[in-house]
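J.: Top to bottom, those sequences are chains A and B.
In this text, residue positions in the first sequence follow this note's numbering: the first is 1, and each later residue adds one.
In this text, residue positions in the second sequence follow this note's numbering: the first is 294, and each later residue adds one.
By construction, the Cβ of each residue, glycine as well, lies at the ideal position given by its N, Cα and C atoms.
Since the structure is predicted, the reported quantities are computational estimates derived from the model, not experimental observations.
There are 2 protein chains.
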Amino acid sequence: MQKGPLHGHIIERFDDMSIQLQQAARHILEHPQEVALVSMRELSRNAGVQPSTMTRLAKFLGFSGYEDFRGQHADVIRVGADGFAARALQRDGGGTDGEGLAQRMLQSLSAQVARLCEPDSLLRLSTVADRLGKARRIYVLGLRSCHSVAWHFHYVMTLLGEKTVHLDGPAGTSGDALIRATADDVLLAISISPYSLHTLELAEAAREKGVEIVTITDSEVSPLVTIAEHVVLFSTESQTFFHTLVPALAVSEVLCGLLASHDRTGALEELKRADRHLSSMNTYATSIPRRKI
Amino acid sequence: MQKGPLHGHIIERFDDMSIQLQQAARHILEHPQEVALVSMRELSRNAGVQPSTMTRLAKFLGFSGYEDFRGQHADVIRVGADGFAARALQRDGGGTDGEGLAQRMLQSLSAQVARLCEPDSLLRLSTVADRLGKARRIYVLGLRSCHSVAWHFHYVMTLLGEKTVHLDGPAGTSGDALIRATADDVLLAISISPYSLHTLELAEAAREKGVEIVTITDSEVSPLVTIAEHVVLFSTESQTFFHTLVPALAVSEVLCGLLASHDRTGALEELKRADRHLSSMNTYATSIPRRKI
DNA sequence: TATCTTCTAAAACACTTGTTGCATTTTTCG
DNA sequence: CGAAAAATGCAACAAGTGTTTTAGAAGATA
Numbered sequence: 001m002q003k004g005p006l007h008g009h010i011i012e013r014f015d016d017m018s019i020q021l022q023q024a025a026r027h028i029l030e031h032p033q034e035v036a037l038v039s040m041r042e043l044s045r046n047a048g049v050q051p052s053t054m055t056r057l058a059k060f061l062g063f064s065g066y067e068d069f070r071g072q073h074a075d076v077i078r079v080g081a082d083g084f085a086a087r088a089l090q091r092d093g094g095g096t097d098g099e100g101l102a103q104r105m106l107q108s109l110s111a112q113v114a115r116l117c118e119p120d121s122l123l124r125l126s127t128v129a130d131r132l133g134k135a136r137r138i139y140v141l142g143l144r145s146c147h148s149v150a151w152h153f154h155y156v157m158t159l160l161g162e163k164t165v166h167l168d169g170p171a172g173t174s175g176d177a178l179i180r181a182t183a184d185d186v187l188l189a190i191s192i193s194p195y196s197l198h199t200l201e202l203a204e205a206a207r208e209k210g211v212e213i214v215t216i217t218d219s220e221v222s223p224l225v226t227i228a229e230h231v232v233l234f235s236t237e238s239q240t241f242f243h244t245l246v247p248a249l250a251v252s253e254v255l256c257g258l259l260a261s262h263d264r265t266g267a268l269e270e271l272k273r274a275d276r277h278l279s280s281m282n283t284y285a286t287s288i289p290r291r292k293i
Numbered sequence: 294m295q296k297g298p299l300h301g302h303i304i305e306r307f308d309d310m311s312i313q314l315q316q317a318a319r320h321i322l323e324h325p326q327e328v329a330l331v332s333m334r335e336l337s338r339n340a341g342v343q344p345s346t347m348t349r350l351a352k353f354l355g356f357s358g359y360e361d362f363r364g365q366h367a368d369v370i371r372v373g374a375d376g377f378a379a380r381a382l383q384r385d386g387g388g389t390d391g392e393g394l395a396q397r398m399l400q401s402l403s404a405q406v407a408r409l410c411e412p413d414s415l416l417r418l419s420t421v422a423d424r425l426g427k428a429r430r431i432y433v434l435g436l437r438s439c440h441s442v443a444w445h446f447h448y449v450m451t452l453l454g455e456k457t458v459h460l461d462g463p464a465g466t467s468g469d470a471l472i473r474a475t476a477d478d479v480l481l482a483i484s485i486s487p488y489s490l491h492t493l494e495l496a497e498a499a500r501e502k503g504v505e506i507v508t509i510t511d512s513e514v515s516p517l518v519t520i521a522e523h524v525v526l527f528s529t530e531s532q533t534f535f536h537t538l539v540p541a542l543a544v545s546e547v548l549c550g551l552l553a554s555h556d557r558t559g560a561l562e563e564l565k566r567a568d569r570h571l572s573s574m575n576t577y578a579t580s581i582p583r584r585k586i
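1) Between the Cα of B/T537 and those of B/V372, B/A482 and B/T510, spot the shortest distance and give me the residue it belongs to.
2) Measuring straight from C-alpha to C-alpha, what distance separates B/D385 and B/T533?
3) Could you give the residue range of the beta strand (DSSP E) that holds B/A482?
4) Are A/Y295 and A/T53 touching if we call contact CB-CB under 8 Å?
5) Got a sec, what are the start and stop residues for the alpha helix (DSSP H) A/H262 sits in?
6) Closer than 8 Å, CB to CB, is B/T537 near chain A or not?
7) Can you tell me whether B/V507 is buried or exposed, with buried defined as 16 or more other CB within 10 angstroms of its CB?
8) So, do the stretch 183–192 of chain A and the stretch 136–144 of chain A have three or more beta carbon pairs nearer to each other than 8 Å?
9) Where does A/T226 sit, in a helix, a strand or coil, going by DSSP?
10) Please name the residue in B/Q400, B/C410 and B/V331 whose C-alpha comes closest to that of A/R115.
11) Count the C-beta pairs between the stretch 150–160 of chain A and the stretch 222–242 of chain A that are closer than 8 Å, then say yes if the count reaches three, no if not.
12) Using a cut-off of 9 Å between C-beta atoms, extract the partners of A/Q239 located in chain B.
13) Does DSSP put B/V328 in a helix, a strand or coil?
14) Expressed to the nearest angstrom, what Euclidean distance is found between the alpha-carbon atoms of B/V539 and B/P516?
15) Can you look up A/S196 in the DSSP assignment and give me helix, strand or coil?
16) Report yes if the C-beta distance between B/A428 and B/D361 is below 8 Å; otherwise report no.
17) What residues in its chain sit with their C-beta under 7 Å from that of A/H154, if we drop five residues either side in the sequence?
18) If we define contact as Cβ-Cβ less than 8 Å, is A/Y139 a contact residue for chain B?
19) Terminal residues of the continuous beta strand (DSSP E) containing A/L143?
20) Alpha carbon to alpha carbon, how far is B/G426 from A/L122?
21) Taking 8 Å as the limit between beta carbons, can you name the residues of its chain near A/R41, skipping five residues before and five after?
22) Note down, in chain order, every chain A residue with its Cβ under 9 Å from the Cβ of B/Q326.
23) Kindly say whether A/L122, judged by its beta-carbon, lies nearer than 8 Å to any beta-carbon of chain B.
24) Buried or exposed: B/P412, going by 16 or more other Cβ atoms within 10 Å of its Cβ?
25) Compile a chain-ordered list of the residues in the stretch 425–457 of chain B whose CB is closer than 8 Å to at least one CB of chain A.
26) Using C-beta distances below 6 Å, list every residue in its chain close to A/F234, excluding the 5 sequence neighbours before and after it, in chain order.
27) Which residues mark the beginning and the end of the alpha helix (DSSP H) in which B/H320 is found?
28) Quickly, what does DSSP pair A/H166 with across the bridge? List them, please.
29) In chain A, which residues lie less than 7 Å from B/F256 when you measure between Cβ atoms?
30) Leaving out five residues before and five after B/K502 in sequence, what residues of the same chain have Cβ atoms less than 8 Å from its Cβ?
31) Between the stretch 202–221 of chain A and chain B, which residues of the former have a C-beta closer than 9 Å to a C-beta of the latter?
32) For A/V128, which residues from the same chain have a beta carbon less than 7 Å from its beta carbon, with the 5 sequence-adjacent residues on both sides left out?
33) Just list the residues that DSSP pairs B/T508 with in beta bridges.
34) Any beta carbon from chain B within less than 8 Å of A/M40's own beta carbon?
35) Distance check for B/I520 and B/R500, CA to CA, integer angstroms please.
36) Can a CB atom of chain B be found closer than 8 Å to the CB of A/L21?
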């Protein structure tokens with residue numbers, strides 16, 4: 001039984017309460033969850049107290065009213081679900097309104113990434129990594145907002161070899177690379193709600209060619225789930241009007257990491273080759289350019 | 294996140310639901326606890342659905358009404374609290390070596406995003422957001438691995454208007470858009486070590502035209518810092534051979550959020566326009582395609 | 001005991017809740 | 001295309017919510 005800071009607060013002030021208030025408080029100490037789960041009137045009935053007593057108790061404890069009191073209890077339940085989000089609750093709220101939003105966004109993103117550590121997620125991740133590792137070739141498909149994730153996955157994988165093909169040609173040729181896809185290949189499809197129609201069409205087409213589908217998507221009821229062999233889920237919730245792709249990118253990177261760790265020596269070999277090539281192409285600034293002006 | 298038998302039940306019947314029912318169900322799948330913790334009307338508001346739809350969903354799932362439905366969810370929370378011994382088990386849980394790496398990666402990523410909440414970071418973020426907000430136009434530059442971040446920033450911003458120009462033309466035309474850049478504009482340059490030479494060259498060229506540089510980069514000694522007016526830093530440390538871009542993407546999203554919040558009503562207006570256009574173009578799958586095979 | 005203060009019970013209040021019937025829109029199918 | 005059916009939004013409803021006010025009961029003080 002979890003007992004938030006409220007628990008201690010109630011005990012502290014217990015001795016100063018009137019008999020009725022104590023009776024109400026005692027019942028709440030024994031059934032903290034019920035505060036959030038049932039109505040005040042029902043709670044007061046169960047506690048053998050008048051409804052008004054509950055309001056008085058809430059105010060006695062320093063809340064603006066019973067609804068505030070219940071809100072706190074609800075929060076305890078919410079964060080109790082995954083202890084990581086507990087940190088998100090400890091917002092000190094300082095700073096300008098802009099900084100407040102930024103802080104809320106970042107804390108929520110951090111928590112969402114942490115939530116991917118659940119056993120179920122981890123299992124799915126390693127399953128998918130295994131499947132991708134066994135594939136002859138990996139076709140990577142992610143349109144619109146998911147382009148960033150798809151491309152990043154592809155980019156990292158190109159450093160490790162040439163297993164991946166990015167389905168994102170210009171001039172509407174996105175899907176053409178699938179021409180030579182076979183049953184030995186896998187399509188990694190990435191999409192979030194609202195689901196791009198083109199992604200679904202291409203995935204369906206690939207499936208009909210016998211290509212196995214693996215998907216990174218945002219919900220159990222994503223249309224991709226119905227046609228995919230393996231699924232990894234992530235959350236897209238954000239404090240803003242648009243969906244976040246930070247957890248999705250994290251998933252993508254983890255998959256890259258797992259794939260690389262399957263064949264550590266081979267990966268290192270390929271990396272060296274990429275390094276040599278890129279430096280011979282003068283791609284990177286090897287030293288910080290002195291200011292000439 | 295605990296997901297009772299209700300979870301499976303909803304998924305099972307999901308395909309038979311109408312669109313509105315699906316939207317409600319989707320929200321509940323993602324926030325099962327909220328069903329018990331907030332009122333139906335508030336839940337429906339958060340799900341973007343009419344209150345009646347919730348009642349209908351409950352009945353569709355075989356409950357006598359919404360209150361029954363909520364009761365079930367409350368029960369899940371009640372028993373979940375006691376059976377938290379199970380959660381302790383999943384903490385260090387053995388798992389395969391692959392899962393170990395995944396877990397380490399995710400926890401580290403989560404921590405790195407959380408570290409962006411430091412006051413210094415928050416201040417830089419809001420400063421940069423202000424500067425970007427005042428610019429006539431924002432040129433966005435991110436090559437190679439940073440392409441994903443640059444593109445995602447640009448993509449989100451296109452939903453809000455046409456302030457941004459993505460410097461990423463095909464066939465080596467990346468920088469051409471800078472032709473019409475003036476001192477009223479800002480270049481948002483994103484780069485990590487090893488720094489792409491082309492990025493530095495373009496940034497330098499822009500600066501000579503009087504364009505102010507704002508950069509999202511990985512170090513105080515990044516070459517971009519020397520020519521940039523404002524800087525936001527993030528970490529790229531990862532448990533793998535490649536650098537992570539998850540914190541960078543988080544920074545980008547926060548900037549988008551801040552920019553949108555500067556002009557909330559204008560942003561909403563633009564969003565509606567984008568919505569109308571995209572749906573008229575039939576871009577998204579409005580319903581899950583029934584399996585025809 | 002008389003008086004004052006504190007506490008409790010009950011009722012009235014304004015408001016929100018979950019629900020339902022109806023008109024309208026959208027989809028389906030002949 | 002047009003009729004039938006399904007799905008949706010809207011508004012009204014009764015019931016229940018948390019709160020406040022009131023009057024009276026209980027207890028303390030002198």
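T.: Well, looking at it:
1) Ranking B/V372, B/A482 and B/T510 by CA distance to the CA of B/T537 puts B/T510 first.
2) Reliability fails at B/D385, whose pLDDT of 43 lies under 50, so the model's placement of it is uncertain and no value is given.
3) Start and end: V479 to S484.
4) Here chain A comprises residues numbered 1 to 293, so residue 295 of chain A is not present and cannot be evaluated.
5) In the DSSP assignment, A/H262 falls within the alpha helix (DSSP H) that extends over V246 to H262.
6) The C-beta of B/T537 comes closer than 8 Å to at least one C-beta of chain A.
7) Around the beta-carbon of B/V507, 16 or more other beta-carbon atoms lie within 10 Å, marking it buried.
8) A contact between stretches requires three or more CB pairs, one per stretch, nearer than 8 Å, and the stretch 183–192 of chain A meets this requirement with the stretch 136–144 of chain A.
9) Here A/T226 sits in helix by DSSP.
10) Cα-wise, what sits closest to A/R115 is B/Q400.
11) By the Cβ criterion, the stretch 150–160 of chain A is not in contact with the stretch 222–242 of chain A, since fewer than three pairs of Cβ atoms, one from each stretch, lie closer than 8 Å.
12) By Cβ distance, chain B contributes G550.
13) Three-state result, B/V328: helix.
14) Straight-line Cα distance between these residues: approximately 21 Å.
15) In this structure, DSSP gives A/S196 an extended state, which the three-state scheme calls strand.
16) Contact flag unset, no.
17) Excluding five sequence positions before and after A/H154, the CB atoms of its chain that fall closer than 7 Å to its own CB belong to V140, T164 and H166, given in chain order.
18) Not closer than 8 Å to any Cβ of chain B, the Cβ of A/Y139 fails to qualify, so no.
19) Boundaries cannot be given for A/L143, as no beta strand (DSSP E) includes it and DSSP labels it neither H nor E.
20) Straight through space, the alpha carbons of A/L122 and B/G426 are spaced by roughly 40 Å.
21) Excluding sequence neighbours, A/R41 sits near P51.
22) Residues of chain A passing the Cβ test: A74, I77, R78 and A81.
23) So, interface residue.
24) Counting the other Cβ atoms within 10 Å of the Cβ of B/P412 gives fewer than 16, which makes it exposed.
25) Sequence-ordered contacts of the stretch 425–457 of chain B with chain A read R437, S438, H440, S441, V442, W444, H445, Y448, V449 and L452 [C-beta pairs closer than 8 Å].
26) Same-chain partners within the cutoff: P247, A248 and V251.
27) First-last of the alpha helix (DSSP H) with B/H320: I312 to E323.
28) A/H166 is bridged by DSSP to A/V140.
29) Only positions 294 to 586 of chain B appear in the structure, and residue 256 of chain B is not among them; the question remains open.
30) In the same chain as B/K502, and ignoring 5 residues on each side of it, the C-beta atoms closer than 8 Å to its own belong to L471, A474, T475 and A476, in chain order.
31) The residues in question are E204, E208, D218, S219, E220 and V221.
32) Contacts found: V214, H230, V232 and L255.
33) For B/T508, the beta-bridge partners assigned by DSSP are B/A482 and B/V524.
34) Cβ-Cβ to chain B under 8 Å: no for A/M40.
35) Answer to the nearest angstrom: the Cα atoms are 8 Å apart.
36) False, the Cβ-Cβ gap to chain B never drops below 8 Å.
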